[in-house]
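Protein sequence lines correspond, in order, to chains A and B. Heads up: the first sequence begins at 213 in our numbering, then just goes up one per residue. Heads up: the second sequence begins at 141 in our numbering, then just goes up one per residue. Cβ coordinates follow ideal geometry from the N, Cα and C atoms, glycine included. This structure is a prediction, so every number in the text was calculated from the model and none was measured. Worksheet: the structure to be examined is printed underneath.
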Amino acid sequence: MSAADEQSPARDAILEVRDLRKTFGSGGGVLGGNHEQVHAVNGVSFDVLRGETFGLVGESGCGKSTTARMICRLEEPTSGEIRFEGTDVAKMGRKQLLPFRRDVQMVFQDPYSSLNPRHTVGSIIGEPFIVHGVAKDAKERTKRVQDLMDLVGLNPEHYNRLPHEFSGGQRQRIGIARALALEPKLLIADEPVSALDVSIQAQILNLLRRLQRDLGLSLLFIAHDLSVVRYMCDRIAVMFAGEIVEMADSAQLFAAPQHEYTQRLLDAVPIPEPGARKRQREQQAEIDGVGVAAAEG
Amino acid sequence: MWARLKRDRVAVVSLWVVVGLIAIAILAPLIVKLFGLPAPDFQNSNAVDEFGQPTGPTGANPLGVDQLGRDVASRVIYGARISLSVALLSTALSVVFGTLVGVIAGYFRGWVDAIVSRMLDVLLAFPILMLGIGLASACSIGNGCLGGLITPGVPVVVLIIAIAGFPYIARIVRGQVLSLREKEFVLAAQSIGASPWRIMLRHLVPNLVAPIIVYSTVLVPQNILFEAALSFLGVGVQDPTSSWGQMLGDASKNPDQWWFMLFPGLALLTTVLAFNLLGDGLQDALNPRKRR
Ligand SMILES: Nc1ncnc2c1ncn2[C@@H]1O[C@H](COP(=O)(O)OP(=O)(O)O)[C@@H](O)[C@H]1O
Ligand SMILES: [Mg+2]
Chain A
213 MSAADEQSPA RDAILEVRDL RKTFGSGGGV LGGNHEQVHA VNGVSFDVLR
263 GETFGLVGES GCGKSTTARM ICRLEEPTSG EIRFEGTDVA KMGRKQLLPF
313 RRDVQMVFQD PYSSLNPRHT VGSIIGEPFI VHGVAKDAKE RTKRVQDLMD
363 LVGLNPEHYN RLPHEFSGGQ RQRIGIARAL ALEPKLLIAD EPVSALDVSI
413 QAQILNLLRR LQRDLGLSLL FIAHDLSVVR YMCDRIAVMF AGEIVEMADS
463 AQLFAAPQHE YTQRLLDAVP IPEPGARKRQ REQQAEIDGV GVAAAEG
Chain B
141 MWARLKRDRV AVVSLWVVVG LIAIAILAPL IVKLFGLPAP DFQNSNAVDE
191 FGQPTGPTGA NPLGVDQLGR DVASRVIYGA RISLSVALLS TALSVVFGTL
241 VGVIAGYFRG WVDAIVSRML DVLLAFPILM LGIGLASACS IGNGCLGGLI
291 TPGVPVVVLI IAIAGFPYIA RIVRGQVLSL REKEFVLAAQ SIGASPWRIM
341 LRHLVPNLVA PIIVYSTVLV PQNILFEAAL SFLGVGVQDP TSSWGQMLGD
391 ASKNPDQWWF MLFPGLALLT TVLAFNLLGD GLQDALNPRK RR
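Quick look at the structure:
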């Protein structure tokens with residue numbers, strides 16, 4: 213069930229991932245040492261279409277972040293191919309890399325570690341402008357930063373505050389504003405709400421969905437929880453132990469999950485209908501009996 | 141950090157002693173004049189008795205004189221200048237160089253880190269006091285080494301002490317950077333296209349300021365003692381410039397003249413103690429779980 217076979221060439225893919233692999237612990241240190249190899253990503257293929265929200269779901273440690281980092285060229289793939297708008301990401305030279313960085317941006321999982329504690333909100337959101345030499349004039353930069361703050365629902369007057377003065381949800385908004393500064397075409401959101409209070413998660417998800425529609429973004433949305441993805445995504449790929457085990461349209465996946473692991477993930481989603489709980493418990497007991505470790509956040 | 145430091149009495153007192161010492165060092169000429177003391181390099185042959193022995197405390201020389209008839213009080217006060225300026229200057233050099241090396245090793249990891257770390261190991265294993273003695277004594281003959289480029293005296297002493305101290309700073313900084321660079325804000329900076337230099341200087345270094353301050357205050361007293369040791373052995377600060385270690389070295393050749401040894405010794409002890417206690421206080425303030 214290769215992903216490439218399912219895609220008809222007529223569809224306009226902004227991102228194509230083919231047989232992507234990453235093995236950790238193969239290089240070894242200078243002093244040798246027999247490291248055990250971890251096949252974090254083990255032959256992953258998928259496309260993200262222009263303007264769609266594509267979900268990548270799987271339990272913690274299955275290789276989602278590693279995949280995202282390789283797409284952003286923050287981590288070098290062991291093998292495989294990543295094409296962004298038809299260009300091989302691995303082969304980009306310095307000249308192509310800077311525009312690529314503009315076009316592909318990432319929202320990180322942990323809003324407490326993804327903002328430099330010593331930088332003000334203004335300099336965090338404004339850094340992409342400095343690095344890329346846009347909005348060189350300080351006044352113009354301030355204006356654009358404040359526009360971005362407004363866009364993501366932050367008070368633009370809080371421009372000079374430090375990250376620790378904000379709540380988790382507000383911090384994630386800062387991270388989103390930073391990612392949007394350079395008007396990317398593809399936004400990768402790596403579990404953007406998993407570190408947040410449940411009460412705040414919906415706000416951030418709504419914001420992302422609104423931004424995706426208003427700005428016409430292509431969104432690669434990563435989560436460990438199917439309930440979050442259902443609400444966001446057009447298509448979903450389910451990842452398990454470094455591989456994609458199932459990929460389908462969102463509605464189809466929820467209606468008729470093909471893979472056993474997908475069913476297990478679905479069982480973890482709260483189900484409102486009566487009787488469902490009981491059925492779920494029975495299935496859970498079955499899985500426990502088989503001795504598979506339960507997915508964890 | 142400062143709020144916690146203020147609650148630590150010992151650290152506050154040490155801080156005031158340190159401030160006082162720095163004031164004495166800066167105002168040395170003024171203080172000497174104020175007390176009507178002779179200049180530190182003035183050799184009063186009348187103050188040495190008929191057997192060539194220095195005299196003890198008198199009205200004109202409250203702390204006595206040395207074997208050349210120079211006023212001990214005046215030389216101790218001027219000695220604070222050398223002691224502090226050598227220690228602070230060498231610490232500053234160690235910190236700048238150590239931070240640079242440590243940040244580069246910690247940020248790039250891999251073979252860069254491997255090479256840097258092995259070089260630091262070698263430096264730390266090196267008997268740097270021996271190097272200092274060798275270098276200083278070799279360069280004290282004739283016109284010095286390298287065509288007069290290196291002559292014994294303050295600059296060489298500063299350089300040797302800075303070389304001895306920077307591996308400690310580099311190691312500490314490297315360790316801090318190794319954990320800092322795992323934070324997602326480093327990935328975020330990379331993903332917007334920031335250069336390694338920008339990440340190191342704008343993102344990593346500002347997060348290292350507090351530990352660097354603490355370890356500098358630990359390094360200062362070490363460096364004061366290092367300077368004293370080199371000068372005691374006669375390969376550090378040279379006559380007529382006065383330094384506590386050098387005075388102690390001279391005094392050890394005149395063991396009967398207690399004043400000659402006591403006062404520079406006391407000055408050294410007070411200074412080192414004050415810096416050490418201040419360093420401890422700062423470390424506790426930074427690291428509240430590590431309480432005594
Ligand atoms: N830098 C690394 N070195 C070694 N192993 C790593 C590294 N990064 C991730 N891994 C391993 O790769 C696997 C996948 O990790 P990750 O992509 O972070 O998973 P996810 O984001 O799905 O939770 C995990 O087993 C993790 O321990
Ligand atoms: Mg992850």
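Short of 6 Å from the beta carbon of LEU208(B), and not among the five residues preceding or following it, lie these beta carbons of its own chain, in chain order: GLN183. DSSP, reduced to helix, strand and coil, places HIS376(A) within a helical segment of the structure shown. With a threshold of 7 Å between beta carbons, ALA245(B) makes no contact with chain A. Cβ proximity to chain B below 7 Å picks out nothing from the stretch 404-423 of chain A. By the criterion of a C-beta distance shorter than 8 Å, VAL326(B) is surrounded in its chain by LEU320, ILE339, HIS343, LEU344, once the five residues flanking it on both sides are discounted. Excluding its 5 nearest sequence neighbours in each direction, PHE366(B) has C-beta neighbours in its own chain below 6 Å: ILE301, listed in chain order.
Listed along the chain, the chain A residues whose CB falls inside 8 Å of the CB of GLN423(B) amount to none; the nearest CB is some 20 Å away. Under a criterion of Cβ atoms nearer than 7 Å, the residues of chain B adjacent to GLN317(A) are, in order, SER331. Cβ-Cβ distances below 6 Å link VAL150(B) to LEU417 in the same chain, with the five nearest sequence neighbours on each side left out; the list follows chain order. Distances taken from the Cβ of THR278(A) to the heavy atoms of ligand 1 include one shorter than 6 Å. For the stretch 382-398 of chain A, the set of positions with a beta-carbon nearer than 9 Å to some beta-carbon of chain B reads GLY387, ARG390, ALA391, ALA393, LEU394 in chain order. Straight-line spacing of the CA atoms in GLN378(B) and ASP396(B) works out to 23 Å. At a cut-off of 7 Å, the C-beta of PHE325(B) has a neighbouring C-beta in chain A. Listed along chain B is no residue with a C-beta nearer than 7 Å to that of LEU374(A); the closest approach is about 12 Å. The distance from the Cβ of GLN384(A) to that of ILE434(A) is about 14 Å, inconsistent with a contact at the 8 Å cut-off. Against chain A, the beta carbon of ASN347(B) has neighbours under 9 Å at ASN328, PRO329, ARG330, listed in chain order.
Taking THR278(A) as the centre and dropping the five residues before and after it, the same chain places the C-beta of LYS234, ALA252, VAL253 closer than 6 Å to its C-beta, in chain order. DSSP, reduced to helix, strand and coil, places ARG210(B) outside both helices and strands of the structure shown, so it counts as coil. The stretch 241-287 of chain A is shown to contain whole alpha helix (DSSP H) runs of 4 or more residues at 276-283, in chain order. Per DSSP, the unbroken beta strand (DSSP E) holding LEU399(A) starts and ends at 398-402. In the three-state scheme derived from DSSP, where H, G and I count as helix and E and B as strand, ALA435(A) is classed as strand. One finds nothing in chain B with a Cβ atom closer than 9 Å to the Cβ of VAL357(A); even the nearest lies about 14 Å away.
The stretch 325-333 of chain A makes no contact with the stretch 343-356 of chain A; the number of CB pairs closer than 8 Å stays below 3. The beta carbon of LEU366(A) sits no closer than 7 Å to any beta carbon of chain B.
Under the 8 Å Cβ criterion, the stretch 294-304 of chain A does not count as touching the stretch 359-377 of chain A, having fewer than three qualifying pairs. If one requires a minimum length of 3 residues, no beta strand (DSSP E) run lies completely within the stretch 149-198 of chain B. Given a length threshold of 3 residues, each whole run of the beta strand (DSSP E) inside the stretch 405-484 of chain A is given here in chain order: 430-435, 447-452, 455-461. Between ALA334(B) and chain A, the shortest Cβ-Cβ separation is below 7 Å.
Straight through space, the alpha carbons of ARG249(B) and TYR324(A) are spaced by roughly 24 Å.
GLY246(B) is a Cβ neighbour of ARG314(B), given a cutoff of 7 Å.
The continuous alpha helix (DSSP H) containing ALA143(B) extends over residues 142-146. Taking a C-beta cut-off of 8 Å against chain B, the contacting residues of the stretch 268-290 of chain A are ARG281, CYS284, LEU286, listed in chain order. Under DSSP, SER291(A) shares a beta bridge with ARG233(A). For the pair PHE466(A) and CYS274(A), the CB atoms are not nearer than the 7 Å cut-off.
For the set ASP206(B), SER185(B), PRO202(B), VAL159(B), the Cα lying nearest the Cα of GLY389(B) is the one of ASP206(B).
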